[in-house]
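Counting in UniProt numbering, the sequence shown runs from 1 upward without gaps.
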Amino acid sequence: RLCELLDNAGRGWRKLAELAGAEKRFKCSAEELEICSLKVLEPCGSPTQCLLQLLAERDCTLRYLLGCLERMGHEQACQVLSSAVQDVIRIIVQPDSQVVAEGTQVSLTCCATGPPGLAYQWFCGRQEVPGATSPELVIDTATPAGQPEWYICRVNCGATFTFSRWAHVQVEKSSSPSSASGYCPTMAGLQILQQPRPCCLAEGDTLALECRAIGNPPPQYQWFRNRRPVEGAQAPQFQVKLVTTAERGSYSCRVFNLFHEVWSQEVDVEIGEGPRQTSVTPYLLYSQARVSHCVTTPPSPVLAATDKVALLIGNMHYLHHKQLQAPIMDVHALGALLRQLDFKVVSLLDLRKAEMQMAVNEFLLLLDKGVYAGLLYYAGHGYENFGNSFMVPIDAPSAYTSEHCMCVQWVLREMQQRHTSLNIFLLDMCRKRNLNDDIIPQVEALEVTANIVFGYATCADAEAYELSQGELSNGIFVTFLKRWLLEDEKITVLLDKVAEDMGTLEITRGRQALELRSNLSERRALTDPICLPGQDESSARRNLQWAKVHVLPESQHLCFDCGVAVQLGFAAEFSNIMIIYTRVVAAPKDIIKCEARLTDIPEELDVDLKCTNKESPEELGSPLVAIWSLGCPSCCLYSRICGLQKLQQELAFTVCLQYCYQGMDDFVEERQRVNVGRPLIAKLNLQ
Numbered sequence: 001r002l003c004e005l006l007d008n009a010g011r012g013w014r015k016l017a018e019l020a021g022a023e024k025r026f027k028c029s030a031e032e033l034e035i036c037s038l039k040v041l042e043p044c045g046s047p048t049q050c051l052l053q054l055l056a057e058r059d060c061t062l063r064y065l066l067g068c069l070e071r072m073g074h075e076q077a078c079q080v081l082s083s084a085v086q087d088v089i090r091i092i093v094q095p096d097s098q099v100v101a102e103g104t105q106v107s108l109t110c111c112a113t114g115p116p117g118l119a120y121q122w123f124c125g126r127q128e129v130p131g132a133t134s135p136e137l138v139i140d141t142a143t144p145a146g147q148p149e150w151y152i153c154r155v156n157c158g159a160t161f162t163f164s165r166w167a168h169v170q171v172e173k174s175s176s177p178s179s180a181s182g183y184c185p186t187m188a189g190l191q192i193l194q195q196p197r198p199c200c201l202a203e204g205d206t207l208a209l210e211c212r213a214i215g216n217p218p219p220q221y222q223w224f225r226n227r228r229p230v231e232g233a234q235a236p237q238f239q240v241k242l243v244t245t246a247e248r249g250s251y252s253c254r255v256f257n258l259f260h261e262v263w264s265q266e267v268d269v270e271i272g273e274g275p276r277q278t279s280v281t282p283y284l285l286y287s288q289a290r291v292s293h294c295v296t297t298p299p300s301p302v303l304a305a306t307d308k309v310a311l312l313i314g315n316m317h318y319l320h321h322k323q324l325q326a327p328i329m330d331v332h333a334l335g336a337l338l339r340q341l342d343f344k345v346v347s348l349l350d351l352r353k354a355e356m357q358m359a360v361n362e363f364l365l366l367l368d369k370g371v372y373a374g375l376l377y378y379a380g381h382g383y384e385n386f387g388n389s390f391m392v393p394i395d396a397p398s399a400y401t402s403e404h405c406m407c408v409q410w411v412l413r414e415m416q417q418r419h420t421s422l423n424i425f426l427l428d429m430c431r432k433r434n435l436n437d438d439i440i441p442q443v444e445a446l447e448v449t450a451n452i453v454f455g456y457a458t459c460a461d462a463e464a465y466e467l468s469q470g471e472l473s474n475g476i477f478v479t480f481l482k483r484w485l486l487e488d489e490k491i492t493v494l495l496d497k498v499a500e501d502m503g504t505l506e507i508t509r510g511r512q513a514l515e516l517r518s519n520l521s522e523r524r525a526l527t528d529p530i531c532l533p534g535q536d537e538s539s540a541r542r543n544l545q546w547a548k549v550h551v552l553p554e555s556q557h558l559c560f561d562c563g564v565a566v567q568l569g570f571a572a573e574f575s576n577i578m579i580i581y582t583r584v585v586a587a588p589k590d591i592i593k594c595e596a597r598l599t600d601i602p603e604e605l606d607v608d609l610k611c612t613n614k615e616s617p618e619e620l621g622s623p624l625v626a627i628w629s630l631g632c633p634s635c636c637l638y639s640r641i642c643g644l645q646k647l648q649q650e651l652a653f654t655v656c657l658q659y660c661y662q663g664m665d666d667f668v669e670e671r672q673r674v675n676v677g678r679p680l681i682a683k684l685n686l687q
């Protein structure tokens, strides 16, 4: 459409090229302009399209292009581009309403995707918040009373803009009975503000349910139908267009954050099949009632778990063996799906033998009678000898034996002693014979429990493969497993479907095929609900043990002598990998350059200097940047800290502030030592 409007000699593409060239890097040479003009000789050529291609190759933003069109005074072209910009501005992280204790700080986050150069502006009520022009807004709840408690964020690119939803910040006095207490000092619990309502619809109508809550940390949502999780329904609003009778049932919403969980009221959704239903005669109703009375059969028992936990291990960076690419993506994808099914998930990357042993020991502490133990998923190098499977840690020597590895059957034996209801092993590894190992391990005989499921990514004496997709890789097994994992099927039926799907992949046919071994006698499924018998000591211990490995350090604000304030923030990639970001939030007017870098990080951690103090998340080299960076503000320096399980003491490092005064060339340096305790998996002291 722009080409149609600008391919003319008047206010056309040449004028656009002239105005765009006001910035040196976008200035086109005479030769380039001639190439553009010659495009009219081609059957489908367009000078404008050629010019836009040149500007795009030089990283011209839509915002700059729109400004050039505005200076041209070309209203039609501006309208076309403005609507296009508006279409691509998407708010992907909305600010959440929260309840906070008086005197604490609360953070609201709004993140959007769109053309480069998006600008943010926060409003408190109808008033702009001065200086609040980043995706994150930090509110000091100790400010004077009387200010509006509703906040909203505007995201714009040039004259095109969109707004986030409103977020309500409720401040409670510390002595208030509804204030939180317990594990986390800044926690303020959860409170449901709006309950879903029952409704009666006709087929073809739109079902709309809503549950709104506030809390700190911000609440997350999962909708349930007939006490089964609804796939993809993880927003406050739940909507189904063109409903059928298949959507009738009882609906409820689970609202939770890291420390709390509340349930909405359960509401019934009735969906009629049309007016013909109302024409049933009284006699027919009476006959149906009699038949129903005569043939009543006892309902099948509803299977449930007292809890569901999973340990996911991915080994990639081996010291003496081939490096793998897929485990990071596979562990993350599997963990995200299992959390939707209410599993307590611990995900770890790159473990040595002692660390694997300690991680399994901690995993066993989460298990108890009635627990769906889990799920133990392992991706990495492995082998199988004499019917026993072995997981290879990253520090295994080149000629490793069972002595250097972890035996899966030993783990199963330990899990059985916990009297769990379901034991699932998903082993995404090779099962070739290890010619260096002729030792038959002495593993005690397993109990006959009829609750064991083994899903092997490949057959005995065969290899498992990765599927490369550009810079990203997935294991063949997980590529197909994640398609079916949320299905309400007996776990063995689900794995059978995965096996059928894997068989359709031409490149691995005859080389890799899923193998299923099971003695499961009941219809146990990953979607089975959790029914707590009561908050006993063991469940409380499990919850505390699990919560420990998911607690990040609190965001901090450091004040330096020069008057600069630096925000220190944290994000988790896995249970043993953490992102630390630093951001200058305030500086005196006479300081023109300023940045805060991390130094003196403990030597025992896996810290690649190439992955520290980077200006953009993408420079860290992690394929998961697009996920964890959503909650991070802009204009930061990012560092990726791996191997937190190796931490031998509390994590302490130095924040080095380098700044330059106006009119000076030399930088001045200030340092502050920071101690953030034992974050994530380090709290378990696996060393």
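Note that the Cβ used here is the ideal one computed from N, Cα and C, for glycine as well.
Counting Cβ pairs closer than 8 Å, one from the region 446-455 and one from the region 514-524, do we hit at least three?
-> By the C-beta criterion, the region 446-455 is judged to be in contact with the region 514-524, since at least 3 inter-stretch pairs fall below 8 Å.
Could you say which of Leu486, Asn434, Gly125 lies nearest to Arg339 if we only look at CA atoms?
-> Put simply, of Leu486, Asn434, Gly125 the residue whose alpha carbon is nearest the alpha carbon of Arg339 is Leu486.
Counting pairs of beta carbons, one from the region 13-29 and one from the region 44-55, are three or more of them closer than 8 Å?
-> Put simply, the region 13-29 touches the region 44-55. At least three CB pairs are less than 8 Å apart.
For the beta strand (DSSP E) that Asn388 lies in, which residues bound it at each end?
-> Boundaries of the beta strand (DSSP E) harbouring Asn388: 388-391, taken from the DSSP string.
Pull up the distance between the alpha-carbon of His321 and that of Leu190, whole angstroms please.
-> In a straight line, the C-alpha of His321 is about 48 Å away from that of Leu190.
Out of Leu193, Leu303, Pro327, Leu312, state which residue places its alpha-carbon closest to the alpha-carbon of Val262.
-> Distance check between Val262 and each of Leu193, Leu303, Pro327, Leu312 places Leu193 closest, using alpha-carbon atoms only.
Closest Cα partner of Asp606 within the set His317, Leu337, Gln658 | When each option's Cα is compared against that of Asp606, the closest is His317.
Tell me, please, which residues DSSP counts as bridged to Ala682.
-> The partner list for Ala682 (beta bridge, DSSP) is empty, contrary to what the question assumes.
Under 8 Å by Cβ, that's how I've got Tyr383 and Ile313 pegged, so tell me the actual separation to the nearest angstrom.
-> Rounded, the Cβ-Cβ distance is 16 Å, inconsistent with contact.
What runs of the beta strand (DSSP E), each 3 residues or longer, lie entirely inside the region 537-586?
-> As for any beta strand (DSSP E) of minimum length 3 sitting wholly inside the region 537-586, the runs are 556-559, 565-574, 577-586, ordered along the chain.
Whose C-alpha, out of Ala457, Ala572, Pro553, Lys39, is nearest the C-alpha of Thr508?
-> Of the candidates Ala457, Ala572, Pro553, Lys39, Ala457 places its Cα closest to the Cα of Thr508.
What does a CB cutoff of less than 6 Å around Cys642 pick up in its chain, not counting 5 residues either side in sequence?
-> Sequence-distant partners of Cys642 (beyond 5 residues in either direction) whose C-beta falls short of 6 Å from its own C-beta, in its chain, are Ile577, Asp606.
Contact set for Thr297: own chain, Cβ-Cβ below 6 Å, skip 5 residues either direction | With a pLDDT of only 43 at Thr297, under the threshold of 50, the placement of this residue in the model should not be trusted; the figure read from the coordinates follows. Hits under 6 Å: none found.
Any beta strand (DSSP E) of 3 or more consecutive residues that is wholly inside the region 372-446 = Runs of the beta strand (DSSP E) inside the region 372-446: 382-385, 388-391, 422-428.
Residue(s) in a DSSP beta bridge with Trp263 | According to DSSP, residue pairing for Trp263 in a beta bridge involves Arg254.
Within its chain, find whatever has a CB closer than 6 Å to the CB of Glu4; leave out the 5 residues flanking it on each side and keep chain order.
-> A distance below 6 Å between beta-carbons, with the five flanking residues on each side excluded, links Glu4 to no residue of its chain.
Taking contact to mean at least 3 C-beta pairs separated by less than 8 Å, is the region 345-359 in contact with the region 418-429?
-> At 8 Å Cβ cutoff, the stretches do not touch.
Can you tell me the Cα-Cα spacing of Leu113 and Ala119, whole angstroms?
-> Note on identity: in this sequence residue 113 is Thr, with Leu being the wrong assignment. Thr113 and Ala119: Cα-Cα distance of roughly 11 Å.
Of the residues Met415, Leu6, Gln357, which one's Cα is nearest the Cα of Met406?
-> Among Met415, Leu6, Gln357, the Cα nearest to that of Met406 belongs to Gln357.
Out of curiosity, what's the CA-to-CA distance linking Gln195 and Asn315?
-> Each residue's alpha carbon lies about 44 Å from the other.
Taking C-alpha atoms, which residue in Val93, Gln672, Arg212, Ala167 lies nearest to Ala596?
-> Distance from the Cα of Ala596 is smallest, within the candidate group Val93, Gln672, Arg212, Ala167, for Gln672.
Might you give, ordered along the chain, the residues of its own chain that have their beta carbon closer than 7 Å to the beta carbon of Leu337, omitting 5 neighbours on each side?
-> Cβ within range, chain order: Lys482, Leu485, Leu486.
Quick one: Cα of Glu669 to Cα of Val566, how far?
-> Cα to Cα, Glu669 sits roughly 14 Å from Val566.
For Asp330, name the three-state secondary structure that DSSP assigns.
-> If DSSP states are grouped into helix, strand and coil, Asp330 belongs with the helices.
Going by Cα to Cα distance, which pick from Ser46, Pro588, Ala305 is closest to Glu522?
-> Comparing alpha-carbon positions, the option among Ser46, Pro588, Ala305 lying closest to Glu522 turns out to be Ala305.
Heavy atom of the ligand MG less than 6 Å from the Cβ of Pro218, yes or no?
-> Looking for the ligand MG in the displayed structure turns up nothing, as the structure carries no ligands at all.
For chain B, is any of its Cβ atoms less than 7 Å away from the one on Gln76?
-> Protein chain content of the structure displayed is limited to a single chain, and chain B is not contained in it.
Of the residues Glu128, Glu554, Pro219, which one's Cα is nearest the Cα of Gly677?
-> Just measuring C-alpha positions, the residue of Glu128, Glu554, Pro219 sitting nearest Gly677 is Glu554.
If Asp590 sits next to Gln662, beta carbons under 8 Å apart, how far is it from one beta carbon to the other, in whole angstroms?
-> 5 Å between Cβ atoms; contact.
Give the C-beta separation of Thr160 and Pro116 to the nearest angstrom, bearing in mind that I take them to be a contact with Cβ-Cβ under 8 Å.
-> About 14 Å; that fails the 8 Å criterion.
Just the C-alpha distance for Ala208 and Pro236, rounded to the nearest angstrom, thanks.
-> So the alpha carbons of these two residues sit roughly 11 Å apart.
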